[in-house]
Amino acid sequence: MNYKKVYENLIESSFYEVDFPASPGNFILSEEQTLTQDFINGLVDQIEYRLVELNGITTTYKDHQYEIDSEIFKLTYLLDCLYSNEIHELVNFKGIDVDPPIDIEDAGAYIYERNVEAYQDILDQANSHMHTIRIILGELCDASEDL
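According to our numbering, the residues represented by the sequence shown are 32 to 178, in order.
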């Protein structure tokens with residue numbers, strides 16, 4: 032599994048970087064995120080395949096076993112985040128059905144505002160899961176480069 036490529040694709044599709052002078056490399060979940068169900072499904076398939084590979088490895092070296100166990104833990108936690116309702120709602124948001132009140136002059140603007148509010152709520156709820164996914168993939172990427 033190419034963790035670096037997956038990490039870069041996630042950053043490109045879902046985050047933007049904010050450069051603070053005292054703390055470079057800060058990421059914020061983008062309102063224009065383009066995460067797709069295909070990306071999530073592909074990532075889940077790769078993770079499940081990697082877990083099968085890792086579970087098939089036997090070693091007598093404690094350091095190596097620790098690395099394997101650590102990667103299994105991170106991948107399992109990553110799967111939990113990817114399967115969460117918050118990520119599912121974020122990926123599948125297509126707008127909500129809104130019936131504007133009769134006395135509203137601009138029904139289109141009213142519907143748009145309600146959809147923006149709904150999307151912002153979904154973004155807020157998915158924010159911690161998305162950052163957890165980003166952090167775990169970053170750690171796996173760094174660990175695979177150290178090997």
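Ideal Cβ positions, reconstructed from N, Cα and C, are used throughout, including at glycine. Nothing here was measured: the structure is a model prediction, and the numbers come from that model.
Using alpha carbons as the reference points, say which of the options lies closest to residue i.
i	options	result
Ile167	Phe70, Leu109 and Asn116	Leu109
Leu154	Tyr92, Leu82 and Thr65	Thr65
Glu63	Glu176, Tyr150, Ser159 and Thr163	Tyr150
His162	Pro52, Asn57 and Asp50	Asn57
Glu43	Phe70, Met32 and Asn123	Phe70
Gly126	Arg145, Asp173 and Gly73	Arg145
Start and end of the beta strand (DSSP E) containing residue i?
i	result
Phe104	Per DSSP, Phe104 belongs to no beta strand (DSSP E); it is in the alpha helix (DSSP H), Lys93 to Leu113.
Val49	Phe46 to Phe51
Alpha carbon to alpha carbon, how far is residue j from residue i? Give it in angstroms, no decimals.
i	j	result
Tyr80	Gly87	11 Å
Asp137	Val37	43 Å
Ala157	Leu121	7 Å
Val102	Leu171	One point to set straight first is that residue 102 is Glu, not Val, in the sequence displayed. C-alpha separation (whole angstroms): 7 Å.
Glu117	Ser61	15 Å
Thr107	Val75	10 Å
Gly73	Phe124	19 Å
Ser159	Tyr114	14 Å
Glu39	Ile135	45 Å
Asp152	His119	14 Å
Gln96	Leu41	29 Å
Asp50	Thr90	42 Å
Taking all protein chains shown into account, decide if residue i is buried (16 or more other Cβ within 10 angstroms of its Cβ) or exposed.
i	result
Ile133	exposed
Tyr92	exposed
Tyr34	buried
Ser45	buried
By the DSSP assignment, the alpha helix (DSSP H) with residue i in it spans what residues?
i	result
Val83	Gln68 to Asn86
Glu117	Asn116 to Asn123
Taking 8 Å as the threshold (C-beta atoms), are residue j and residue i in contact?
i	j	result
Tyr143	Pro131	no
Ile59	Cys112	no
Gln77	Met32	yes
Ile99	Leu85	yes
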